[in-house]
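When we follow the numbering used here, the leftmost residue of the sequence shown carries the number 598, and every step to the right adds one.
The beta-carbon is built from N, C-alpha and C at its ideal position, and this holds for glycine as well.
In this text the structure is predicted, and so the values were computed from the model without any measurement.
One structure below.
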Amino acid sequence: MRFSWGFVALCSCWVWGVPGLADGGGEWVDHAPMQQSRQEVGAARIGWKVYVVGGLLPGAPLHASDAVEVYDIAGDAWSFVKSMPVALDHMGVVAVGGELYVIGGYSADFVGRADVWIYDPGTDEWRVGVAMPVSVGAHWAVAHRGKIYVFGGRNQVFQTQQATWVFDPGEQKWERLADMPLFLEHLTAVSAGEFVYVIGGRNGASTRANLRFDPRENEWRAMTPMTTARSAPALAAFGSRIYCAGGEVPQLFAINEVYDIVRDEWGCQVGMAIPRHGIAAVTLDDRILMPAGGIIQGLLPTAAVDSFVPEAIVGDGDGDGDVDFADFGIFQRCFTGMGVFELDEVCGRLDAVGDGDVDILDYEAFRGGETGAF
Ligand SMILES: [Ca+2]
Ligand SMILES: [Ca+2]
């Protein structure tokens with residue numbers, strides 16, 4: 598019998614889904630494919646463009662790409678910009694101050710590097726940045742409040758790391774912070790609210806890691822673990838929730854878990870239509886864009902691009918993924934009192950009870966769902 602990925606994803610949701618977060622919500626949408634098939638890429642958004650950098654190319658022997666493709670969000674179209682000075686895969690890619698930082702990585706050799714390259718979209722030029730004090734690949738880099746944080750990875754002699762590093766572009770200096778509670782490579786991390794979350798990754802076997810880093814206190818805290826142990830998933834924050842889709846080891850995964858940051862709870866959303874690992878995930882205004890990735894465990898890069906559109910959160914009138922004071926203003930504007938009314942899309946999100954009006958009963962649910970601003 599042929600196994601369907603949809604079946605696998607649904608199964609996992611039913612067995613493991615957490616009550617309180619809707620199971621099987623959201624939808625997947627196809628986008629224009631990239632021009633080059635790649636996996637273990639990095640990506641970041643600057644303005645209305647998403648840059649996808651490097652990665653492993655199809656075919657043997659293994660080779661890495663120096664290419665940078667830029668996605669025009671409004672036009673759903675890809676084009677090349679100036680290639681990197683070197684070919685890289687498994688590197689960290691973030692955007693800070695309107696520039697792209699490419700940090701460490703392999704060059705199809707699984708040997709970690711310390712180099713930092715910076716791309717200026719204004720001049721379409723690359724320049725050398727301040728190198729990391731250590732060499733890493735299969736780490737993850739995150740931009741958070743103007744600084745760059747780098748977590749884990751493997752060094753040039755294949756040892757898995759637990760180090761946390763921060764780079765301050767103002768001071769042009771790297772500094773080592775508190776170690777992660779675990780040694781992890783092929784991990785992913787994301788900035789959400791005041792914290793950075795490290796989710797998944799492996800040190801031999803994949804983990805269910807959900808580790809919260811507080812940059813102000815330089816402190817780690819283990820949060821509720823994700824349901825499925827996996828490495829190299831697509832990870833992105835959307836408002837008060839984090840979405841973790843796909844990944845690999847010990848198999849290729851389609852499962853798409855959602856983490857509620859405020860409740861510290863996991864649930865399950867519709868699984869990936871094209872299961873992938875070694876993928877990038879970039880949050881846009883209403884969705885999470887996921888370019889490229891590998892479509893079997895290990896190697897088989899694709900040029901496919903899709904996005905996940907999260908289901909609406911009850912009470913989130915302005916649709917930005919949180920329930921905060923801005924939504925309260927919309928609640929007041931949408932307030933109809935008891936009865937059945939024609940609610941538009943925005944006011945429909947505030948009808949928590951689902952009885953066709955926006956009244957005091959919905960206010961109670963609205964209050965209960967309040968997340969604060971994200
Ligand atoms: Ca909102
Ligand atoms: Ca109602």
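Go ahead and label D686 buried or exposed: buried means 16 or more other beta carbons lie within 10 angstroms of its beta carbon, across all protein chains shown.
For the purposes of this step, residue 686 is taken as the residue at position 89 of the sequence shown. Buried: at least 16 other Cβ atoms inside 10 Å.
Distance cut-off 7 Å: D919 Cβ against heavy atoms of ligand 1
Your numbering for residue 919 matches position 322 in the sequence shown. A distance criterion of 7 Å places the beta-carbon of D919 in contact range of ligand 1, judged by its closest non-hydrogen atom.
Any contact between the region 895 to 915 and the region 835 to 855? By contact I mean 3 or more CB pairs, one from each, below 8 Å.
With the rule of 3 Cβ pairs closer than 8 Å, the region 895 to 915 counts as touching the region 835 to 855.
Can you pull the DSSP bridge partners for A833?
As a first step, residue 833 is located in the sequence shown; it is residue number 236 there, counting from the start. According to DSSP, A833 bridges with Y840.
Quick one: grab the DSSP three-state call for L896.
For this step, residue 896 is matched to residue 299 along the sequence shown. Coil, per DSSP.
Could you give the DSSP three-state label for Q866: helix, strand or coil?
Within the sequence shown, the letter at position 269 stands for residue 866. Looking at Q866 - three-state DSSP - the assignment turns out to be strand.
Which of the three DSSP states is assigned to A629 in this structure?
Walking along the sequence shown from the start, residue 629 turns up at place 32. In the structure shown, A629 sits in coil (DSSP, three-state: anything other than H, G, I, E or B).
Ordered list of alpha helix (DSSP H) runs contained in the region 713 to 787, each at least 4 residues
Qualifying alpha helix (DSSP H) stretches: none in this window.
Tell me whether G934 is buried or exposed, calling it buried when 16 or more other Cβ atoms sit within 10 Å of its Cβ.
For the purposes of this step, residue 934 is taken as the residue at position 337 of the sequence shown. The residue in question, G934, is exposed, as its Cβ has fewer than 16 Cβ neighbours within 10 Å.
Alpha carbon to alpha carbon, how far is P894 from L781?
If you number the sequence shown from 1, residue 894 lands on position 297. If you number the sequence shown from 1, residue 781 lands on position 184. The identity of residue 894 in the sequence shown is Gln, whereas the question assumes Pro. Straight-line spacing of the CA atoms in Q894 and L781 works out to 19 Å.
With 16 other Cβ atoms within 10 Å as the buried cut-off, status of I700:
By one-based count along the sequence shown, residue 700 stands at place 103. Burial of I700 is indicated by the presence of at least 16 other C-beta atoms within 10 angstroms of its C-beta.
Measure the Cβ-Cβ separation of A831 and M887 and say whether it is below 8 Å.
Stepping through the sequence shown from its first residue, residue 831 is reached at position 234. Stepping through the sequence shown from its first residue, residue 887 is reached at position 290. Yes; because the gap between Cβ atoms is below 8 Å, this pair is in contact.
Which same chain residues, not among the five before or five after D712, have their C-beta less than 6 Å away from its C-beta?
Start at 1 with the first residue of the sequence shown, and residue 712 comes out as number 115. Same-chain partners within the cutoff: A728.
Cβ-based neighbour list, G652, same chain, cut-off 6 Å, excluding 5 preceding and 5 following:
Counted from its first residue, the sequence shown places residue 652 at position 55. Excluding positions up to five away in sequence, the list reads R635, Q636, E637, V638, S662 and D686.
Spatially closest choice to P812 from Y840, G743 and I858, by CA coordinates:
What you label residue 812 is simply residue 215 of the sequence shown in a count that begins at 1. Ranking Y840, G743 and I858 by Cα distance to P812 puts G743 first.
Would you list the residues sitting across from D669 in a DSSP beta bridge?
As a working note, residue 669 is residue 72 in the sequence shown. K646 and A674, per the DSSP bridge assignment.
Going by DSSP in three states, I910 sits in which element: helix, strand or coil?
Position 313 of the sequence shown, counting from 1, holds the residue named residue 910. Correct three-state label for I910: coil.
Per DSSP, what kind of secondary structure is F905 in: helix, strand or coil?
For this step, residue 905 is matched to residue 308 along the sequence shown. In this structure, DSSP gives F905 an extended state, which the three-state scheme calls strand.
Let me make sure I understand the geometry here. Which of S676, G912, H874 and F850 has the alpha-carbon closest to that of T899?
Here residue 899 is taken as the residue at index 302 of the sequence shown, counted from 1. Ranking the options by Cα distance to T899, first place goes to H874.
So, helix, strand or coil for I572, using DSSP?
This structure does not reach residue 572, given that the chain is present from 598 up to 971, and the question cannot be answered.
Look up I858 in the DSSP assignment and say whether it is helix, strand or coil.
To locate residue 858, count along the sequence shown from 1; it is residue 261. Reduced to three states, the DSSP call for I858 is coil.
Taking the Cβ atom as the reference point for each residue, do L774 and W762 lie within a distance shorter than 8 Å?
Here residue 774 is taken as the residue at index 177 of the sequence shown, counted from 1. Here residue 762 is taken as the residue at index 165 of the sequence shown, counted from 1. Yes, the Cβ-Cβ distance between L774 and W762 is below 8 Å.
Straight-line gap, M681 to A664 (C-alpha atoms, nearest Å):
Residue 681 sits at position 84 when you count from the first residue of the sequence shown. Residue 664 sits at position 67 when you count from the first residue of the sequence shown. Between M681 and A664, the alpha-carbon positions lie close to 6 Å from each other.
If A640 and V626 are in contact, beta carbons under 8 Å, what's the gap, nearest whole angstrom?
Your numbering for residue 640 matches position 43 in the sequence shown. Your numbering for residue 626 matches position 29 in the sequence shown. With a beta-carbon spacing of about 17 Å, A640 and V626 fall beyond the 8 Å limit used to define contacts.
Less than 8 Å between the beta carbons of D903 and D913, yes or no?
Along the sequence shown, one-based indexing puts residue 903 at 306. Along the sequence shown, one-based indexing puts residue 913 at 316. The answer is no: Cβ separation not under 8 Å.
Between K679 and Y960, what straight-line distance do the alpha-carbon atoms span, to the nearest angstrom?
Locating residue 679 in the sequence shown gives position 82, counting from the first residue. Locating residue 960 in the sequence shown gives position 363, counting from the first residue. As the crow flies, the alpha-carbon of K679 is around 52 Å from that of Y960.
Compute the beta-carbon to beta-carbon distance between M823 and E845, rounded to the nearest angstrom, for a pair I have assumed lies under 8 Å.
Counted from its first residue, the sequence shown places residue 823 at position 226. Counted from its first residue, the sequence shown places residue 845 at position 248. Not a contact, Cβ separation roughly 14 Å.
Indicate the three-state DSSP secondary structure (helix, strand or coil) for D979 in the structure shown.
Outside the displayed span of the chain (598 to 971) sits residue 979, for which this structure offers no information.
Helix, strand or coil at V943 [DSSP, three-state]:
Here residue 943 refers to the residue found at position 346 of the sequence shown. Residue state, collapsed to three classes: helix.
From what residue to what residue does the beta strand (DSSP E) around R809 run?
Here residue 809 refers to the residue found at position 212 when the sequence shown is read from its first residue. Per DSSP, R809 belongs to the beta strand (DSSP E) from N807 to D811.
Excluding sequence positions up to five away, which residues of its chain have a Cβ less than 8 Å from the Cβ of D948?
Here residue 948 corresponds to residue number 351 of the sequence shown, with the count starting at 1. Apart from the 5 residues on each side of it in sequence, D948 sits with its Cβ closer than 8 Å to the Cβ of L940, D954, V955 and D959 in its chain, given in chain order.
Can the beta-carbon of Q929 be found closer than 8 Å to that of G623?
Here residue 929 refers to the residue found at position 332 when the sequence shown is read from its first residue. Here residue 623 refers to the residue found at position 26 when the sequence shown is read from its first residue. Their beta carbons are not under 8 Å apart, which means Q929 does not touch G623 by this criterion.
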